[in-house]
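In what follows, a single structure is set out as structure tokens and then discussed.
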Amino acid sequence: MTIADELSRIDTLRKELHRHNHNYYVLNAPEISDFDFDAMMRELEGLEKKHPEHADPNSPTQRVGSDISHSFEQVAHVYPMLSLANTYSVEEVEQWVGRLEQALPGRDVTLVGEMKFDGTGISLIYEYGRLVRAVTRGDGEKGDDVTANVRTIRTIPLQLSGDDYPDFFEIRGEIVLTWSAFDRLNAEREAAGEPLFANPRNAAAGTLKLQNSAEVGRRGLDAYLYYLLGDKLPYATHYENMQAARRWGFKVSDAMTHLGSISDVDAFIKYWDTARKELPVATDGLVFKVDVLQEQLNLGFTAKSPRWAVAYKFRAERALTRLRFVSFDVGRMGIITPVANLEPVLLSGTVVKRASLHNADIMRALDIHSDDMLYVEKGGEIIPKITGVELSERCAGSRPVEFVSHCPACGTPLLRVEGEAAWVCPNKRGCKPQIIGRVEHFVGRRMMNIDGVGEETAARLFEAGMVHDIADLYSLTPEMLMTLEGFARRSAERVVDGIAASREVPFERVVFALSIPYVGETTARKLARAAGSLDRLMDMPLAELEAVEDVGPRIARSIVDYFADEENRRIVERLRDAGLTMECALPDNQNGVSDVLGGKTFVISGVFSLHGRDDYKAMIEAYGGKNTGSISKKTDYILAGENMGPVKLEKAQKLGIPIIDEQTFLSMIGQG
Ligand code: IVH
């Protein structure tokens, strides 16, 4: 093949693969076998590798995502993302229709009924048929630019089909996780000892904000689109526009229906109230919209929501059952969670025996008495909650259930943290569930990633006197493990190998693994980057900690308290002796390496391949430069990766600001 042939083959393959993707993921009607599909994909990958100058972020090969970590840039929405007014009964929907008729006298208002998908809202911007940006709802005015992650969602077209789409438009919809993908994800998390997602909505939202788009791609998000916006829409009605969007390649729900009368609305509600349970994704209600765009325009918006649409919320499934007793769980941070233990009751297909009462305040507000009949709800959540008491069934003489005053595990008097609802057991070193919980956290996949040690093994290691704290793990030998039931040589060696391999885990994950109260994964990463080493983190004063992004007074205080504890310092020293990574691999802000960037202002845009976005931000600061979010006359350089936003590019060119790539930047700081 000549070069020209190869380039035209790249084009053909991209078009064909886009079409087959759409057939497979949106239409559910593949035309070719998976084998042929994979072969075409491999051919395209080969050709793209050969012609890197023809790389395209919208190529079907880019669906797999990348391992580059990127924090998200905030982007203002073109049209604010509002919410919907809620209704809970057919009567309330009828009242809304009555108001529409008053506001639009003499018109026969046609409505469109559709599903209310229970995921996370997304705004997609297309220019000339190509996806250019995907932004989360955020605060409604501005959201996070999650384009790289959204590109991995196979039901979202990167390149549109047909030719009747507007040059510029926005389309909104909901990113969801199917029930089956959700169950799979939670099963994996359970096996890895990680906390489960409560529902597909949280799982979808959490996934969309992951730093690693390859992992996003793996989890299999899906998307339904339901709202087209722009100056030049092809049709005068919402319904026709959505059908057009379907032809362009978007996944638009088949449930979308024209409703000409109130009895149509009633029938729609009645039908979906049960039929929704058969859908592959979670829904929490229905949405009714005025179909004609001109009428929508006449009706307008309130401050919070459109007048031309309402949501009808399904009632969460609810059951009534008797309280057996309230137990109190102790978490790894010593926080006590009250749990209602119930007479088993069937709720949306599963038997419920336990439901969280969250904390002392919520428990008191519910005013639960012994032997009460309680309402349990499970609105698409896997963890059921108690929503109320049936007072008419209360037994005479029953007494309110009291929150415990002493730790149910070790008997230590509980303390209440100032200004918080949580009661805490302060016996950090002697309270078994706390010790086991910390070990379990430490070995988790996103922390030290040590296979083969779950809750049960952690408990047995503790009971056998082998592991009292996280540092003890590094003294384990296969022979010691083999004295425990269930460990043969191979499994024991596997655990010890896993522990040894954890020495390579990067510093930021070590910080997260320590179980410093309030320090979650993101905060741990920011702290690690800011401090650069554990030595420095241990001695950072309050004010300096508070200067770290995302660290407020409460977190800063918690870190100082953690390292003021001699025992914690000893554990850290033992971890250091065991050979764990105690330093950041990259230069950091504090130990500023030099001042070569001398106050120059940078804007970072796009996706990078040599270092992550956060790393570049840290480097800019370490070398004396400044980071800002938006381009202005004051910007000195744009550090651009692949796929820099077109708006930014234009602005930078207009202002004549130099755009530099990674290589150039690295040579500026002497790392080229
Ligand atoms: S229309 C201006 N249609 O529900 C109103 N929203 O509670 C545009 N949602 O923020 C929204 N399914 O994230 C619309 N079929 C549907 C929907 C839907 C789910 C979400 C959306 C919105 C929220 C409002």
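Its first residue numbered 0, the sequence shown is counted upward by one per residue in numbering that gives the first Met the number 0. Where is the CB? At the ideal position from N, CA and C, for every residue including glycine.
{"Item": "For Phe511, the first and last residue of its enclosing alpha helix (DSSP H)", "Value": "506-512"}
{"Item": "Strand pairing of Gly120, partner residues [DSSP]", "Value": "Glu173"}
{"Item": "C-alpha gap between Glu543 and Asp613, whole angstroms", "Value": "19 Å"}
{"Item": "Proximity below 7 Å, CB of Lys384 to CB of Ala339", "Value": "no"}
{"Item": "Helix, strand or coil at Pro679 according to DSSP, with G and I counted as helix", "Value": "In this structure the chain extends from 0 to 671, so residue 679 is not present and cannot be described."}
{"Item": "DSSP state of Ser391 mapped onto helix, strand, coil", "Value": "helix"}
{"Item": "Of the listed residues Ile630, Ile367, Ser212, nearest to Gln652 (C-alpha basis)", "Value": "Ile630"}
{"Item": "Burial state of Tyr615 (16 or more Cβ within 10 Å)", "Value": "buried"}
{"Item": "DSSP state of Ile630 mapped onto helix, strand, coil", "Value": "coil"}
{"Item": "Same chain, Cβ closer than 8 Å to His21, neighbours up to 5 away in sequence not counted", "Value": "Pro156, Ser160, Gly248"}
{"Item": "Cα-Cα separation, Ala244 to Phe167", "Value": "13 Å"}
{"Item": "Ordered list of beta strand (DSSP E) runs contained in the region 82-134, each at least 3 residues", "Value": "84-86, 110-116, 119-126"}
{"Item": "Buried versus exposed, by CB contacts within 10 Å (16 or more), Gly598", "Value": "exposed"}
{"Item": "beta-carbon Leu227 near the ligand IVH non-hydrogen atom, thresh 6 Å", "Value": "no"}
{"Item": "Distance between Val96 and Glu401 (C-alpha atoms, nearest Å)", "Value": "48 Å"}
{"Item": "heavy atom of the ligand IVH below 6 Å from Phe116 C-beta", "Value": "yes"}
{"Item": "The ligand IVH heavy atom lying under 6 Å from the CB of Ser699", "Value": "Residue 699 lies beyond the residue range present for the chain, which begins at 0 and ends at 671; the question has no answer from this structure."}
{"Item": "Cβ-Cβ distance between Ala477 and Glu492 below 7 Å", "Value": "Note that residue 477 is Pro in the sequence shown here, rather than Ala. Yes, these two residues count as a Cβ contact at 7 Å."}
{"Item": "Beta-ladder partner(s) of Glu641, from DSSP", "Value": "Val606"}
{"Item": "Cβ neighbours of Met446 in the same chain (closer than 7 Å, five flanking residues each side left out)", "Value": "His440, Arg508, Phe511, Ala512"}
{"Item": "CB of Gly118 within 7 Å of CB of Ile174, strictly", "Value": "yes"}
{"Item": "Boundaries of the alpha helix (DSSP H) in which Thr154 is found, first to last residue", "Value": "Element bounds for Thr154: n/a, residue is neither H nor E."}
{"Item": "Heavy atom of the ligand IVH within 6 Å of Glu140 beta-carbon", "Value": "no"}
{"Item": "Beta carbon of Leu298 nearer than 7 Å to that of Tyr78", "Value": "no"}
{"Item": "Contact under 7 Å by Cβ, Val606 with Gly628", "Value": "no"}
{"Item": "Residue environment, Phe71, which counts as buried when at least 16 other CB atoms sit within 10 Å", "Value": "buried"}
{"Item": "Best match in Arg459, His76, Tyr473, Arg553 for proximity to Thr482 [C-alpha to C-alpha]", "Value": "Arg459"}
{"Item": "Closest by C-alpha distance to Ala28, when choosing among Arg535, Arg18, Phe196", "Value": "Arg18"}
{"Item": "Given Leu472 as reference, the closest of Thr256, Gly551, Ile435 once Cα atoms are compared", "Value": "Ile435"}
{"Item": "Cutoff 6 Å; reference Glu277; Cβ partners in own chain excluding five residues on either side", "Value": "none"}
{"Item": "Close-in-space but distant-in-sequence residues of the same chain around Asn588 (CB under 7 Å, 5 per side omitted)", "Value": "Low confidence applies here, because Asn588 scores a pLDDT of 41, under 50, leaving its location unreliable; read the following figure in that light. Result list for Asn588: Ala529, Ala617, Glu620, Ala621, in chain order."}
{"Item": "Neighbour-count burial assignment, His610, 16 or more Cβ in a 10 Å radius", "Value": "buried"}
{"Item": "With 16 other Cβ atoms within 10 Å as the buried cut-off, status of Pro59", "Value": "buried"}
{"Item": "Close beta carbons around Thr411, own chain, < 6 Å, minus the five adjacent residues each side", "Value": "Cys424, Asn426"}
{"Item": "Pro305 CB to nearest heavy atom of the ligand IVH below 6 Å", "Value": "yes"}
{"Item": "heavy atom of the ligand IVH below 6 Å from Glu173 C-beta", "Value": "yes"}
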